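All residue numbers for the sequence shown refer to the numbering used here, where the first residue is 7 and numbers rise by one.
Virtual Cβ for every residue (Gly too), placed ideally from N, Cα, C.
Just so we're clear, the structure is a prediction, and the values are computed from it rather than from any experiment.
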Amino acid sequence: MEQVLAGFSGPDPYMLEWLAAICLILVAVAMSLFDLPGNTLMVGCCLGFAFYDPSKYFDIRIISAVILIYAMGEIWEFVLSFFGIKKQVKSISWWGVFLIGCGTFAGTVMGATTFPVAGSVIGGAIGAFVMAYLYEYLRSHNMQHAGALAWQAAKMQFVAMLGKLVATFALAILLARQIFFYA
Numbered sequence: 007m008e009q010v011l012a013g014f015s016g017p018d019p020y021m022l023e024w025l026a027a028i029c030l031i032l033v034a035v036a037m038s039l040f041d042l043p044g045n046t047l048m049v050g051c052c053l054g055f056a057f058y059d060p061s062k063y064f065d066i067r068i069i070s071a072v073i074l075i076y077a078m079g080e081i082w083e084f085v086l087s088f089f090g091i092k093k094q095v096k097s098i099s100w101w102g103v104f105l106i107g108c109g110t111f112a113g114t115v116m117g118a119t120t121f122p123v124a125g126s127v128i129g130g131a132i133g134a135f136v137m138a139y140l141y142e143y144l145r146s147h148n149m150q151h152a153g154a155l156a157w158q159a160a161k162m163q164f165v166a167m168l169g170k171l172v173a174t175f176a177l178a179i180l181l182a183r184q185i186f187f188y189a
């Protein structure tokens, strides 16, 4: 029995790294689906693994791609969510853009808590729709204009969130590439 135990050195350290990476990737993707900072977690994981064992995980091409995709996903969501509606509808004020952003945030939170996974995307679009409708209707008392603005705001928010989720899955693939398929 002692001979058998003498040859046992514990779990493979690479296996523990891989398990940690799998858990981190799954948590980060789930966080992004709930409109939480999952993409930021993936960038941190990428850099963390790169500096934890540079000889194995430091690949400047992957790190550069991760940072670029992260930045593009965040910029895409921010610009499309807040400035897209202003560009599409010239008559809306910055106050209206701010209120629609608040409605989007509230809808995202409520959607993520009531309908996991797609709830944040759908809730954000519904929140943008409701707030844009209320804003325009209270401003102009015109249901047709309010409906048109609401529909435009919902479409913008939906496309913004989908773009960020595409970035999430691209980051997950790159992080898996960095950790599981190193050269």
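Within the same chain, Cβ atoms closer than 8 Å to the Cβ of G44 are found at V33, A34, V35, A36, M37, S38 and T174, the five residues on either side in sequence being excluded.
In this structure the segment 77-93 lies against the segment 162-170, because at least three pairs of beta carbons, one per stretch, are closer than 8 Å. W157 and C51 have their C-alpha atoms roughly 38 Å apart.
DSSP, read as helix, strand or coil, puts L42 in coil. Taking C-alpha positions only, G129 is separated from F121 by approximately 9 Å.
With contacts defined by Cβ atoms closer than 8 Å, D41 and A112 do not form a contacting pair. Boundaries for S97: no alpha helix (DSSP H) harbours it, and the DSSP string shows neither H nor E there. Per the Cβ contact rule, the segment 175-182 is in contact with the segment 20-33 (3 or more Cβ pairs under 8 Å).
Going by C-alpha positions, Y141 is about 12 Å away from G133. Sixteen is the threshold: since fewer than 16 other Cβ atoms of the shown chains lie within 10 Å of the Cβ of K96, the residue is exposed.
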